[in-house]
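Protein chains in written order, with numbering that gives the first Met the number 0: chain A, 0 to 237; chain B, 0 to 237. Ideal Cβ placement from N, Cα and C applies to all residues, glycine included. In this text, all values refer to a predicted model and were calculated from it rather than measured experimentally. Just below is one structure, and these are the notes that go with it.
2 protein chains.
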Amino acid sequence: MRKLMPMYYRLAYDIKLDIESGKLKEGDMIPTEEQLGEMYGISRMTVRQGVALLTEAGLIETIKGKGSFVRLPKLNQLVINFHNASSADGEQFRYKLLSAKMVHDNHSYAQQLGLAPDDKVILLRSLLYKDDLPSAIEDKYMRYLRGKPLLETQLEYAAFPEVIAKHQDSVPVRNEMVISVDVLSLEQANLLETEPFQPVMVIQQVIYSKDDVPLGISRMVCHKDRFHLNATSYLGRL
Amino acid sequence: MRKLMPMYYRLAYDIKLDIESGKLKEGDMIPTEEQLGEMYGISRMTVRQGVALLTEAGLIETIKGKGSFVRLPKLNQLVINFHNASSADGEQFRYKLLSAKMVHDNHSYAQQLGLAPDDKVILLRSLLYKDDLPSAIEDKYMRYLRGKPLLETQLEYAAFPEVIAKHQDSVPVRNEMVISVDVLSLEQANLLETEPFQPVMVIQQVIYSKDDVPLGISRMVCHKDRFHLNATSYLGRL
DNA sequence: TAGTGGTCTAGACCACCTC
DNA sequence: AGGTGGTCTAGACCACTAG
Chain A
0 MRKLMPMYYR LAYDIKLDIE SGKLKEGDMI PTEEQLGEMY GISRMTVRQG
50 VALLTEAGLI ETIKGKGSFV RLPKLNQLVI NFHNASSADG EQFRYKLLSA
100 KMVHDNHSYA QQLGLAPDDK VILLRSLLYK DDLPSAIEDK YMRYLRGKPL
150 LETQLEYAAF PEVIAKHQDS VPVRNEMVIS VDVLSLEQAN LLETEPFQPV
200 MVIQQVIYSK DDVPLGISRM VCHKDRFHLN ATSYLGRL
Chain B
0 MRKLMPMYYR LAYDIKLDIE SGKLKEGDMI PTEEQLGEMY GISRMTVRQG
50 VALLTEAGLI ETIKGKGSFV RLPKLNQLVI NFHNASSADG EQFRYKLLSA
100 KMVHDNHSYA QQLGLAPDDK VILLRSLLYK DDLPSAIEDK YMRYLRGKPL
150 LETQLEYAAF PEVIAKHQDS VPVRNEMVIS VDVLSLEQAN LLETEPFQPV
200 MVIQQVIYSK DDVPLGISRM VCHKDRFHLN ATSYLGRL
């Protein structure tokens with residue numbers, strides 16, 4: 000806070016402090032925009048900039064014709080930052096491409112991609128290493144497009160949404176993730192250099208275009224002791 | 000889109016469409032604020048409202064003195080909506096409080112709560128049912144506060160952040176979640192009416208006050224087949 | 001009817017970037 | 001020096017809410 004902050008920010012920050020300290024409680028109405036303008040000696044448009052900050056942060060809810068009301072930050076909305084780096088202690092993974100092959104359109108994932116019978120699907124299998132230990136297997140499924148080079152070296156290292164963005168025609172706009180739990184198959188245990196039937200975290204991502212067409216599916220199978228996910232509430236920041 | 004939208008929204012929506020259709024590509028500069036004002040016949044402050052929308056949505060990044068540049072939505076940032084309802088098919092859970100007791104301050108969770116030696120910690124153990132099947136065990140640890148009624152009925156049904164908000168003095172402002180995988184202990188398997196050593200998802204939440212004091216810890220142990228988590232990318236919405 | 005927030009204007013001055 | 005976004009003003013009219 001050494002730098003001189005703009006007036007609209009000071010106003011918003013003051014109110015945020017009042018909320019965090021409990022001076023303003025859930026449901027309380029904050030001063031009207033006119034009042035705030037007088038209190039800080041600023042014009043109404045400037046007040047509104049500050050109020051907009053608080054709304055973005057989820058700290059207030061404003062109702063037209065009534066006022067703006069304190070709403071404690073919703074702590075059950077959390078953000079995962081999934082740049083494939085959420086390992087056991089935040090370190091980056093080393094990527095290794097194991098195989099790249101076409102799969103037939105009767106493959107279960109090809110069906111999920113909603114392809115025409117003669118469309119082709121590429122399957123990329125990679126291994127993610129952490130401290131030279133194999134920590135996760137990632138299978139990426141995506142439509143095969145002619146003229147889109149797929150096997151460049153950099154591709155091995157890219158996170159799934161970036162791979163899709165670069166190698167599909169449509170612009171990816173949505174990612175749906177499902178996190179579940181399973182046990183290792185024999186083949187998977189082999190790749191992860193561990194015993195079969197060990198528990199694993201399964202992270203599936205499906206990436207969609209604006210028309211809700213699935214552009215690609217990623218399925219990661221993550222070693223119990225070498226992988227976890229972090230998430231943090233994201234409301235209430237200013 | 001039936002209603003007449005304000006001009007700043009139309010402007011933002013038009014640009015969003017151009018990004019999603021690929022007409023504007025990553026790194027492209029959008030028109031300057033002055034140009035947009037002329038294009039839409041609106042004043043600059045109104046243009047800036049629209050640009051602010053796009054910035055919020057993460058679709059552009061604006062650099063002072065240079066311009067605003069397209070930035071494809073970051074699909075590796077995802078939101079979990081954790082109202083304890085992320086069951087296998089989105090249904091709500093039925094909550095049942097199993098026990099509520101004091102634990103000694105040498106207990107591992109009490110230590111994590113950073114308490115003074117004579118502080119007391121409450122442990123609430125609940126079972127979450129889905130379709131009359133026990134699906135998860137939740138242990139909530141929090142500082143014991145005199146005069147804060149803890150055992151009201153509604154408490155059984157509340158999600159963890161709400162319980163903390165109502166029964167601690169400080170305002171909770173941050174929630175840190177860690178998702179990992181483990182195997183069931185004998186006691187846990189008993190409660191979940193399944194075999195021991197089954198894989199489980201472990202969801203730990205720690206809730207902090209503005210001074211980074213941990214106010215409570217929740218640890219959920221979730222049945223492999225009766226529980227999963229959903230997350231969705233949240234950038235790019237308008 | 002009075003009070004509130006929502007939209008919008010037509011300016012102004014500044015700080016930052018590039019040439 | 002010229003172009004860009006960042007901050008701010010002093011108004012205006014509207015839509016919604018309440019008594």
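* At 7 Å on the CB atoms, spell out the chain B contacts of Pro72(A), in chain order. => Val172
* To do: Please check the pair Ser208(B) and Pro171(B), which I expect to be a contact at CB under 8 Å, by giving their CB distance rounded to whole angstroms.
  => 6 Å
* Report the residues of the region 184-200 of chain B with a CB closer than 7 Å to any CB of chain A, ordered along the chain. => Pro198, Val199, Met200
* **Segment limits, beta strand (DSSP E) that includes Ile59(B)** => 59-62
* Between the CA atoms of Ser217(B) and Asp138(B) - distance to the nearest angstrom -> 6 Å
* State yes or no: is the beta carbon of Thr45(A) nearer than 8 Å to at least one beta carbon in chain B? => no
* Ser86(A) CB to nearest chain B CB: under 8 Å? -> Legend: pLDDT at Ser86(A) = 46, less than 50; position of this residue unreliable, no value from coordinates given.
* For the region 10-22 of chain B, which residues have a beta carbon sitting closer than 8 Å to at least one beta carbon of chain A? -> Ile18, Glu19, Ser20, Gly21
* Within chain B, the residues that Ile206(A) reaches when beta carbons sit closer than 8 Å -> Leu74
* To do: Give the C-beta separation of Val120(A) and Val102(A) to the nearest angstrom, bearing in mind that I take them to be a contact with Cβ-Cβ under 8 Å.
  => 5 Å
* Nearest CA to the CA of Tyr7(A): which residue from Ile29(A), Arg93(A), Leu52(A)? -> Leu52(A)
* Asked: Using the beta-carbon count (16 or more within 10 Å), is Lys22(B) buried or exposed?
  -> exposed
* To do: Can you tell me which of Pro133(B), Met141(B), His222(B), Leu234(B) puts its alpha carbon nearest to the alpha carbon of Val173(A)?
  => The sequence shown places Arg at residue 173(A), rather than the Val named in the question. Arg173(A) has its Cα closest to that of Leu234(B), out of Pro133(B), Met141(B), His222(B), Leu234(B).
* Asked: Between the region 65-79 of chain A and the region 7-17 of chain B, do at least 3 Cβ pairs fall closer than 8 Å?
  -> no
* To do: State the beta-bridge partners of Ala135(B) as determined by DSSP.
  => Leu127(B), Cys221(B)
* Asked: Excluding five sequence neighbours on each side, which residues of the same chain lie with their C-beta closer than 6 Å to the C-beta of His222(A)?
  -> Ser134, Leu191
* Asked: Can you list, in chain order, the residues of its chain whose CB lies under 7 Å from that of Thr54(A), leaving out five sequence neighbours each side?
  -> Thr61
* Range covered by the beta strand (DSSP E) that runs through Pro198(B) -> 198-208
* **Listed by chain order, chain A residues near Ser179(B) by CB distance under 7 Å** => His227
* If the cut is a Cβ gap below 8 Å, which residues of chain A does Thr31(B) touch? -> Residues of chain A passing the Cβ test: none, with the nearest at roughly 21 Å.
* **Residue span of the beta strand (DSSP E) that contains Ala188(A), given as start and end** => It is not in any beta strand (DSSP E) - Ala188(A) instead sits in the alpha helix (DSSP H) that spans 185-190.
* Output the distance between the C-alpha atoms of Val46(A) and Gly36(A), rounded to the nearest integer angstrom. => 6 Å
* **Element boundaries [beta strand (DSSP E), containing Leu228(B)]** => 228-232
* **For Val212(A), three-class secondary structure by DSSP** => coil
* Can you tell which of Ile178(A), Asp210(A), Ser107(A) has the C-alpha that lies nearest to the C-alpha of Asp168(A)? -> Asp210(A)
* Quick one: give me the first and last residue of the beta strand (DSSP E) that Phe68(A) is part of. => 66-69
* is_contact[Ile216(A), chain B] using C-beta, thresh 8 Å -> no
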